[in-house]
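Q:
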Amino acid sequence: MPRLTLPPSCINRVYRPHLENQDRYQVYFGGAGSGKSVFLATRCVLDVLQGRNYLIVRKVGRTLRSSCWNEIRKAIDRLGLSMLFHISKTENTITARNNGCQLLFAGLDDVEKIKSLTPQSGVLTDIWMEEATECAYEDFKQLDKRLRGESRHQKRFTFSFNPIYQRHWLYRQFFDCWQDGKRLCRGKNVTILKTTYLDNRFLTPDDRQALENEPDPYFYQVYTLGNWGVMGDVIFRNWEVQDLTETKAAWPLLLYGLDFGFATDPCAAVCCGLDRKNKRVYVFAELYEKGLINAHLANRLKDFCGHTPIVCDSAEPKSIRELRSLGICALPARKGKDSVLHGIQWLQGHRIVVDTGCAHLKEELSLYRWQQDREGHTLPIPMDKNNHLIDALRYALEHESNSRRATTAGKGELGL
Ligand SMILES: Nc1ncnc2c1ncn2[C@@H]1O[C@H](COP(=O)(O)OP(=O)(O)O)[C@@H](O)[C@H]1O
Ligand SMILES: [Mg+2]
Numbered sequence: 003m004p005r006l007t008l009p010p011s012c013i014n015r016v017y018r019p020h021l022e023n024q025d026r027y028q029v030y031f032g033g034a035g036s037g038k039s040v041f042l043a044t045r046c047v048l049d050v051l052q053g054r055n056y057l058i059v060r061k062v063g064r065t066l067r068s069s070c071w072n073e074i075r076k077a078i079d080r081l082g083l084s085m086l087f088h089i090s091k092t093e094n095t096i097t098a099r100n101n102g103c104q105l106l107f108a109g110l111d112d113v114e115k116i117k118s119l120t121p122q123s124g125v126l127t128d129i130w131m132e133e134a135t136e137c138a139y140e141d142f143k144q145l146d147k148r149l150r151g152e153s154r155h156q157k158r159f160t161f162s163f164n165p166i167y168q169r170h171w172l173y174r175q176f177f178d179c180w181q182d183g184k185r186l187c188r189g190k191n192v193t194i195l196k197t198t199y200l201d202n203r204f205l206t207p208d209d210r211q212a213l214e215n216e217p218d219p220y221f222y223q224v225y226t227l228g229n230w231g232v233m234g235d236v237i238f239r240n241w242e243v244q245d246l247t248e249t250k251a252a253w254p255l256l257l258y259g260l261d262f263g264f265a266t267d268p269c270a271a272v273c274c275g276l277d278r279k280n281k282r283v284y285v286f287a288e289l290y291e292k293g294l295i296n297a298h299l300a301n302r303l304k305d306f307c308g309h310t311p312i313v314c315d316s317a318e319p320k321s322i323r324e325l326r327s328l329g330i331c332a333l334p335a336r337k338g339k340d341s342v343l344h345g346i347q348w349l350q351g352h353r354i355v356v357d358t359g360c361a362h363l364k365e366e367l368s369l370y371r372w373q374q375d376r377e378g379h380t381l382p383i384p385m386d387k388n389n390h391l392i393d394a395l396r397y398a399l400e401h402e403s404n405s406r407r408a409t410t411a412g413k414g415e416l417g418l
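Take any residue in the sequence shown, count from 1 to its spot, add 2: that is its number in my numbering.
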């Protein structure tokens, strides 16, 4: 085996430890453009020189050429290793000249081919299932059986995909050990690594911007944030992301809201504006920080809202008093019966336009969901998670939403 000096700069940092990962099942999932495919293609190239044989699969065979095959060829070039490989387009194989080990490619739509494919020397040590969410559970089960036989290498099955749908078999099969908010999880023989475009320093500014400005909440959640897609029970779908710098500069009346938090929950504040006529709520800015004592919070708020009133969670009257004594015009929210549900419904009746800079609010809006009962039915109770800035937004707009309530309340509510 020739000695390879791999410049560390050619692999995104987050993936580097996984060049040597020996777990049987390896799941690389997350947002688009996060470098998953390029990393795995690079790893194949290095592995085959070390005596591993790969089968690389996708659901549809003809899509392999434009994806894995190309990425692997580019990786070979990038590493300056083309003299070490024999590439046969007609046979769809890439063979290492030093040891005869191979990268084989096949679509799961060609069952006969899959069955017959074997490397020219040794056994199959690796399977990489690219865009694995396209593939069926049965495909995985069948292929998993192919990973057997004598080899000095640990057998590995590697998956890469965007997390399009949480009820997917991949989730059921591998995600027992997974905790939301984590990026890496290691179970028994399983590694799961979640990455997003932020982990890929090779991405162009244009690609980055396209992901950050994704207007569709579902796509934003899956392809920008790399979170498991939940179509069913997300509370807000009526939002989009825009650069609001100019809108804010011209906006006549800014409204502010604040939700207190300290150690586990953040202190969360928003600056927004209401366009009554067009039923639009603009969120211009957010403040989101853990561990702020009230004196520091007051300092932040001086920059954030100056002397403009800010409507705060009334569960902390002492904090409100303190902020007032520190020069902030903090007012308690009125809340009242069913104020959470009412506020949510009111917001659902508007288009929420979020400034590109409000990273946490975008995340909350894409994650905030209804609770489910044991059978998986959606309940009209929001989960008390991912709601800090959303609560602040409700407080900021409380006056507006309550005045509407008075005019639109049903007969029952008015006691008629
Ligand atoms: N190690 C790398 N070296 C050079 N470019 C890279 C590297 N990793 C990622 N890229 C660039 O980033 C783009 C997106 O990466 P990709 O692996 O396709 O993301 P994903 O598979 O997560 O959607 C690639 O098309 C490539 O231009
Ligand atoms: Mg990819």
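Don't be surprised by glycine CBs; every beta carbon is placed ideally from N, CA and C. Small disclaimer: the values here were computed from a predicted structure and weren't measured.
#1: Apart from the five residues on each side of it in sequence, which residues of its chain come closer than 7 angstroms, Cβ to Cβ, to K413?
#2: So, at 8 angstroms on beta carbons, what are the nonlocal neighbours of A265 in its own chain, with the 5 sequence-adjacent residues on each side left out?
#3: Do you know how far the Cα of D315 is from the Cα of D25?
#4: If we count the other Cβ atoms within 10 Å of its Cβ and call it buried at 16 or more, is M85 buried or exposed?
#5: Whole angstroms is fine: what's the gap from Q52's alpha carbon to R371's?
#6: Looking only at its chain, what residues have a beta carbon closer than 6 angstroms to the beta carbon of T409, apart from the 5 residues adjacent to it on each side?
#7: Going by DSSP, which residues form a beta bridge with L333?
#8: Just to confirm the assignment: which complete beta strand (DSSP E) runs, minimum length 3, are found wholly within the stretch 37–64?
#9: Name the residue from T197, N55, Y173 whose alpha carbon lies nearest to the alpha carbon of G35.
#10: Tell me which residue opens and which closes the beta strand (DSSP E) that C187 is part of.
#11: Classify C12: buried if its beta carbon has 16 or more other beta carbons within 10 angstroms, exposed otherwise.
#12: Could you tell me the distance, in whole angstroms, from the CA atom of R15 to the CA atom of P9?
#13: If you run the structure through DSSP and keep just helix, strand and coil, what is V342?
#14: Pairing CB atoms from the stretch 325–339 with CB atoms from the stretch 298–314, are three or more of them under 8 angstroms?
#15: Between the Cα of N229 and the Cα atoms of G183, E242, L106, A252, which residue gives the shortest distance?
#16: Rounded to whole angstroms, how far is the Cβ of E73 from the Cβ of S39, which I believe are closer than 8 angstroms?
#17: Secondary structure at P384, three-state DSSP: helix, strand or coil?
#18: Go through its chain and collect everything with a Cβ distance to A77's Cβ below 8 angstroms, but skip five positions before and after it.
#19: Given 8 angstroms as the limit, is there contact between the stretch 275–294 and the stretch 334–346, that is, 3 or more CB pairs closer than that?
#20: Please give the ranges of any beta strand (DSSP E) in the stretch 74–105, keeping only runs that are unbroken, at least 3 residues long and fully inside the region.
#21: Near ligand 1, which residues have their beta-carbon less than 6 angstroms from any of its heavy atoms, given in chain order?
#22: What span of residues does the beta strand (DSSP E) with V192 cover, start to end?
#23: Distance cutoff 9 angstroms, beta carbons only. Does I237 sit that close to anything in chain C?
#24: If you draw a straight line from the C-alpha of K337 to the C-alpha of C187, how long is it?
#25: Who pairs with E462 in a beta bridge, going by DSSP?
#26: Please tell me whether, using a cut-off of 8 angstroms, the distance from the CB of S1 to the nearest non-hydrogen atom of ligand 2 is below it.
#27: Classify L256 as helix, strand or coil using the three-state DSSP reduction.
#28: With 16 as the cutoff for other CB atoms within 10 Å, does Y258 come out buried or exposed?
#29: With a 10 Å radius around its C-beta and 16 neighbouring C-beta atoms as the bar for buried, classify G417 as buried or exposed.
#30: Check the DSSP bridge columns for T160 and list the partner residues they point to.
#31: Given 8 angstroms as the limit, tell me if E136 has its C-beta closer than that to any heavy atom belonging to ligand 2.
A: With the structure as the only source:
#1: If you number the sequence shown from 1, residue 413 lands on position 411. At K413, the pLDDT of 29 sits below 50, so the modelled position is not reliable; the number obtained from the coordinates is stated separately. Around K413: no qualifying Cβ.
#2: Counting from one through the sequence shown, the residue named residue 265 turns up at place 263. Excluding positions up to five away in sequence, the list reads K292, G293.
#3: Mapped onto the sequence shown, residue 25 falls at position 23. Mapped onto the sequence shown, residue 315 falls at position 313. Computed Cα separation, rounded: 47 angstroms.
#4: Taking the sequence shown and counting its residues from 1, the one referred to as residue 85 is at position 83. Label assigned to M85: exposed.
#5: Here residue 52 is taken as the residue at index 50 of the sequence shown, counted from 1. Here residue 371 is taken as the residue at index 369 of the sequence shown, counted from 1. Looking at the two C-alpha atoms, the distance is approximately 47 angstroms.
#6: Within the sequence shown, the letter at position 407 stands for residue 409. Caution is warranted here: a pLDDT of 41 is assigned to T409, below 50, making its placement in the model unreliable, and no coordinate value can be reported.
#7: Here residue 333 refers to the residue found at position 331 when the sequence shown is read from its first residue. Paired residue(s): V313.
#8: 56–60
#9: Taking the sequence shown and counting its residues from 1, the one referred to as residue 35 is at position 33. Nearest C-alpha to G35: T197.
#10: The residue given as residue 187 occupies position 185 in the sequence shown. Where C187 is concerned, the enclosing beta strand (DSSP E) stretches over 186–189.
#11: Along the sequence shown, one-based indexing puts residue 12 at 10. With fewer than 16 other Cβ atoms within 10 Å, it is exposed.
#12: By one-based count along the sequence shown, residue 15 stands at place 13. By one-based count along the sequence shown, residue 9 stands at place 7. Rounded to the nearest angstrom, the two C-alpha atoms are 12 angstroms apart.
#13: Within the sequence shown, residue 342 is the residue found at index 340, counting from 1. If DSSP states are grouped into helix, strand and coil, V342 belongs with the helices.
#14: At 8 angstroms Cβ cutoff, the stretches touch.
#15: Position 227 of the sequence shown, counting from 1, holds the residue named residue 229. Measuring from the Cα of N229, the nearest candidate turns out to be G183.
#16: On the sequence shown, residue 73 is found 71 positions in, with the first residue counted as 1. On the sequence shown, residue 39 is found 37 positions in, with the first residue counted as 1. About 5 angstroms; that satisfies the 8 angstroms criterion.
#17: Here residue 384 is taken as the residue at index 382 of the sequence shown, counted from 1. Residue state, collapsed to three classes: strand.
#18: For the purposes of this step, residue 77 is taken as residue 75 along the sequence shown, with counting starting at 1. Taken in chain order, the residues that qualify are V40, A43, T44, C46, V47.
#19: In short, these stretches do not touch, since the Cβ pair count stays below three.
#20: 87–90, 95–98
#21: C12, I13, N14, A34, G35, S36, G37, K38, S39, V40, N202, F204, L205
#22: Along the sequence shown, read from residue 1 onward, the residue named residue 192 stands at position 190. 192–197 is the span of the beta strand (DSSP E), which, as asked, contains V192.
#23: Among the chains of the structure shown, chain C does not appear; only one protein chain is present.
#24: On the sequence shown, position 335 is the one that residue 337 refers to. On the sequence shown, position 185 is the one that residue 187 refers to. Looking at the two C-alpha atoms, the distance is approximately 40 angstroms.
#25: This structure leaves residue 462 out entirely; the chain is present only between 3 and 418.
#26: A question about residue 1 goes unanswered here, because the residues of the chain that appear run from 3 up to 418.
#27: Taking the first residue of the sequence shown as 1, we reach residue 256 at position 254. In this structure, L256 counts as coil in the three-state DSSP scheme.
#28: As a working note, residue 258 is residue 256 in the sequence shown. Buried, since its Cβ has 16 or more Cβ neighbours within 10 Å.
#29: The count along the sequence shown starts at 1 and reaches residue 417 at position 415. Note that G417 has pLDDT 23, beneath the 50 cutoff, so the model's placement of it is unreliable and no number is given.
#30: Here residue 160 corresponds to residue number 158 of the sequence shown, with the count starting at 1. BP columns for T160 point to Q28, W130.
#31: If you number the sequence shown from 1, residue 136 lands on position 134. Checking the Cβ of E136 against ligand 2 gives no.
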